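Colleague:
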Amino acid sequence: MSPNRTKKMQKSFKGVILVLLVGSLGFWSCWTWATQPYSPSGNSEKITISQGMTVEQLAEKLQQRHIIRSVWAFRMLAWLRQDNFKLYVGDYQLARTMSPAEIINDLLTGAEFTRVTIPEGYTTDQIIALLVQKGVGSKEEFTKVITDDAFPYPFLQGAPKGIHRLEGYLFPNTYYIYIKTSPHAVIDLLLQQFAKELTPEVQKQLVTMKLSIPQWVTLGSLVEKEAVKESDRPLIASVILNRLKINQPLQIDATIQFLLAAPKPKLLNKDLQISSPYNTYLHKGLPPGPIANPGDASLQAALYPAQTDFLYYVAKKDGYHVFAKTYAEHLKNIKLYQ
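Here the sequence shown stands for residues 2 to 339, where the numbers follow the numbering used here.
1. What are the uninterrupted segments assigned as beta strand (DSSP E) that are 3 or more residues long and contained completely in the segment 216-301, given in chain order?
2. Using DSSP with H/G/I as helix, E/B as strand and the rest coil, what is I178?
3. To the nearest angstrom, how far is it from the Cα of H331 to the Cα of A293?
4. Once you ignore the five residues that flank L251 on each side, which residues in its own chain have a CB closer than 7 Å to its CB?
5. From V208 to A196, what distance separates their C-alpha atoms?
6. Identify which residue in I48, L131, L283 has its Cα closest to the Cα of H67.
7. Go ahead and pull the three-state DSSP assignment for K135.
8. Can you list, in chain order, the residues of its chain whose CB lies under 6 Å from that of D310, leaving out five sequence neighbours each side?
9. Going by the DSSP bridge assignment, what does V117 pair with across the sheet?
10. Check whether the segment 218-225 touches the segment 272-292, taking contact to mean three or more Cβ pairs, one atom from each stretch, closer than 8 Å.
11. With three or more beta-carbon pairs closer than 8 Å as the criterion, would you say the segment 305-319 touches the segment 225-241?
12. Which word fits V23, buried or exposed, when buried means at least 16 other C-beta atoms lie within 10 angstroms of its C-beta?
13. Once DSSP output is grouped into helix, strand and coil, what is the label at Y338?
14. May I ask you to report which of helix, strand or coil DSSP gives F143?
15. In chain order, what residues of the same chain lie with their CB nearer than 8 Å to the CB of L88, ignoring the 5 residues before and after it?
16. How would you label G122, buried or exposed, when you count the other beta carbons within 10 angstroms and need 16 or more for buried?
17. Could you check where the alpha helix (DSSP H) with D189 kicks off and where it finishes?
18. Tell me which residue opens and which closes the alpha helix (DSSP H) that L157 is part of.
19. Who are L95's beta bridge partners in DSSP?
20. For A151, decide whether its Cβ has a neighbour in chain D, counting only Cβ atoms nearer than 9 Å.
21. Suppose the cutoff is 6 Å on Cβ atoms and the five residues either side in sequence are ignored; what does the same chain contact list for L300 look like?
22. With a cut-off of 8 Å, do at least 3 Cβ pairs link the segment 263-283 to the segment 182-202?
23. Tell me which residue opens and which closes the alpha helix (DSSP H) that F75 is part of.
24. Give the straight-line distance between the Cα atoms of Y179 and Y170, rounded to the nearest whole angstrom.
25. Start and end of the beta strand (DSSP E) containing A325?
26. Quick one: what's got a C-beta closer than 8 Å to I188's C-beta in the same chain, skipping five residues either side?
27. Would you identify the three-state DSSP class for Y39, choosing helix, strand or coil?
28. Buried or exposed for R70, going by 16 or more other Cβ atoms inside 10 Å?
29. Could you spell out where the beta strand (DSSP E) holding A60 opens and where it closes?
30. Which value, in whole angstroms, describes the spacing of the CA atoms of D272 and P278?
31. Taking buried to mean at least 16 other C-beta atoms within 10 Å of its own C-beta, is A228 buried or exposed?
32. What did DSSP end up calling V208 once you bin it into helix, strand or coil?
33. Per DSSP, which residues does A102 bridge with? Please list them.
Structure representation (structure tokens):
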């Protein structure tokens with residue numbers, strides 16, 4: 002190899018090294034800047050992480066609020082923690098004086114969360130009691146939010162006043178809630194989850210069924226409280242709809258239990274005489290609103306009921322129901338199974 006060629010190769014190699022060195026220094030300088038606190042001073046701000054929010058969306062939100070310097074750096078730091086990094090719904094107090102790494106650490110370890118599983122069929126009162134038991138808000142705060150606060154959801158238009166205003170729309174699910182989240186934000190989270198049930202397919206089927214959203218949810222709540230076994234749900238929905246078509250009283254015990262201060266293992270005749278529009282023994286048609294918060298299975302059963310001629314059902318000891326077309330058949334079933 003000629004001396005000139007060797008010198009040229011040495012110069013090229015030095016040039017590459019120089020470029021890499023300058024690039025590395027530039028990257029390190031940029032990384033150091035991006036991973037520093039946004040400001041040496043400043044008050045903390047409330048940042049709300051909503052259901053379904055991604056790390057990228059959070060990073061953009063933090064940059065817009067001038068809490069972090071770089072979306073890219075925040076995402077990279079989160080990625081490095083990906084084995085255990087998960088966004089939990091809630092309100093957080095984050096400051097400009099915190100580095101991105103400190104913010105991520107706070108999201109992971111500095112906040113207190115509680116896992117709340119709301120069972121299908123819980124009433125508003127039961128949901129409030131569960132949330133309070135989990136350390137999220139007080140009964141008084143939740144009662145005020147539910148009875149008084151405004152929520153921007155069209156399906157709540159015309160909802161009855163009082164503690165049962167949101168009955169049926171507090172969607173049963175498992176939620177991870179920051180314990181300092183405001184009661185309003187918690188209730189809104191449950192309403193958001195219900196709103197996701199209103200898919201285009203659901204809305205199309207409601208038109209086909211000629212049901213309003215409140216009627217659908219009320220019907221779903223009746224199915225939820227009456228059915229124990231999954232396969233019975235469409236059949237019970239069928240019975241309810243068949244009775245509505247012929248204007249026959251629904252006579253659903255669950256609507257009476259809804260009126261009682263505490264559920265009874267067996268209703269008495271005097272219970273069936275309680276004066277209330279929710280009493281489906283005294284009043285024909287659906288009750289004025291849902292009697293519980295139904296889950297997806299019961300709402301689907303209300304949308305897609307079985308096609309039957311059944312007008313009666315009776316519960317068996319194994320939790321299943323037996324169905325009948327006539328009252329005479331129903332009486333036989335009562336003798337057989339009760």
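Glycine residues also receive a C-beta, built at the ideal position from the N, C-alpha and C atoms.
It should be emphasised that the depicted structure is a prediction, and the values quoted were computed from it without experimental measurement.
Modeller: With the given structure in hand:
1. none
2. strand
3. 27 Å
4. Hits under 7 Å: I241, R244, T281.
5. 17 Å
6. I48
7. Look at K135 here: in three-state DSSP terms it is coil, with no helix or strand label.
8. K326
9. Y176
10. yes
11. Because the criterion of three Cβ pairs below 8 Å is met, the segment 305-319 and the segment 225-241 touch.
12. For V23, the predicted model reports a pLDDT of 48, less than 50, meaning its position is unreliable and no value from the coordinates is stated.
13. helix
14. helix
15. I50, M54, T55, V56, L59, L108
16. buried
17. 184-196 is the span of the alpha helix (DSSP H), which, as asked, contains D189.
18. Run containing L157: none; DSSP gives neither H nor E here.
19. DSSP, once it has assigned bridges, lists E46 as partnering L95.
20. Reference to chain D is not applicable here, since this structure consists of a single protein chain.
21. Sequence-distant partners of L300 (beyond 5 residues in either direction) whose C-beta falls short of 6 Å from its own C-beta, in its chain, are G221.
22. Segments in contact, no.
23. 72-81
24. 21 Å
25. Start and end: 322-325.
26. F143, V146, I147, D150, F152, L167, L171
27. coil
28. buried
29. No beta strand (DSSP E) contains A60, which is instead part of the alpha helix (DSSP H) from 56-65.
30. 14 Å
31. buried
32. helix
33. When DSSP reads this structure, A102 sits in no beta bridge, so it has no partner.
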